[in-house]
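**Q**
In this note's numbering, the protein residues as written are 8 to 185.
#1: Can you give the Cα-Cα distance for residue 177 and residue 59, rounded to whole angstroms?
#2: Taking the C-alpha atoms as reference points, what is the distance between residue 79 and residue 112?
#3: Leaving out the 5 sequence neighbours to the left and right, which residues in its chain are closer than 6 Å to residue 150 when beta-carbon positions are compared?
#4: By DSSP, does residue 34 sit in helix, in strand, or in coil?
#5: Which residues does DSSP pair with residue 13 in a beta bridge?
#6: Going by beta carbon distance, what residues of the same chain come within less than 8 Å of residue 56, once the five residues before and after it are set aside?
#7: Name the one or two DSSP bridge partners that residue 19 has.
#8: Find the nearest neighbour of residue 29 within the set 36, 35 and 20, judged by alpha-carbon distance.
#9: Does residue 120 come out as helix, strand or coil in the three-state DSSP assignment?
#10: Relative to the C-alpha of residue 13, which residue among 119, 102, 72 and 77 is closest?
#11: Rounded to the nearest angstrom, how far is the Cβ of residue 115 from that of residue 98, given a contact under 8 Å?
#12: Report all residues from its chain with a CB closer than 8 Å to the CB of residue 164; omit the five preceding and five following residues, and keep chain order.
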């Protein structure tokens, strides 16, 4: 079985000094939401073997805020090709992972992540899965989902049955305590 965690970067702002989209940093809400997601990961004992992260500032900052809530043994790869990657590109990374990796967290962007979540969860479940119905509606900043796939090998991901296990947005989680 393979486990795939997808996390859309949390809320970023637009700064007058930086008009480059890739350099956009998290705003205060984004930093707080990343901590909320980190707490959710910790509470649910989520521990990916590998983390793949977009090289965009907002994705890397999101990862830096959730990192303290994860065990210390994960390999992390920051990849330029994950910046605004399509679902096909993201799926290509998944189907080419080393077989020693049993679980992976991808921190990246929409629309690729949203489309990948729908693809992995299985279109045959549309209308019957409450989680999938929620994902179909939106995959906002800070959205996190867990998909378990029955594949023995990563390259078999497309031919194997998947189960959507979790989908949360920061608005679903308890607020941070001061």
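We put the CB at the ideal spot given by N, CA and C, even for glycine.
**A** So, from the data block:
#1: Going from the Cα of residue 177 to the Cα of residue 59 covers about 21 Å.
#2: Roughly 14 Å between the two C-alpha positions.
#3: Excluding residues within five positions, the ones whose Cβ falls inside 6 Å are 15 and 176.
#4: Coil, per DSSP.
#5: The bridge partners DSSP lists for residue 13 are 113 and 152.
#6: Here the set comprises 81, 82, 107, 108, 109, 110 and 111.
#7: Paired residue(s): 33.
#8: Just measuring C-alpha positions, the residue of 36, 35 and 20 sitting nearest residue 29 is 20.
#9: Residue 120: helix per DSSP, three-state reduction.
#10: Closest option to residue 13, Cα to Cα, is 119.
#11: Their Cβ separation, rounded to whole angstroms, is 12 Å, which puts residue 115 and residue 98 out of contact at 8 Å.
#12: Here the set comprises 9, 98, 101, 102, 127, 156 and 158.
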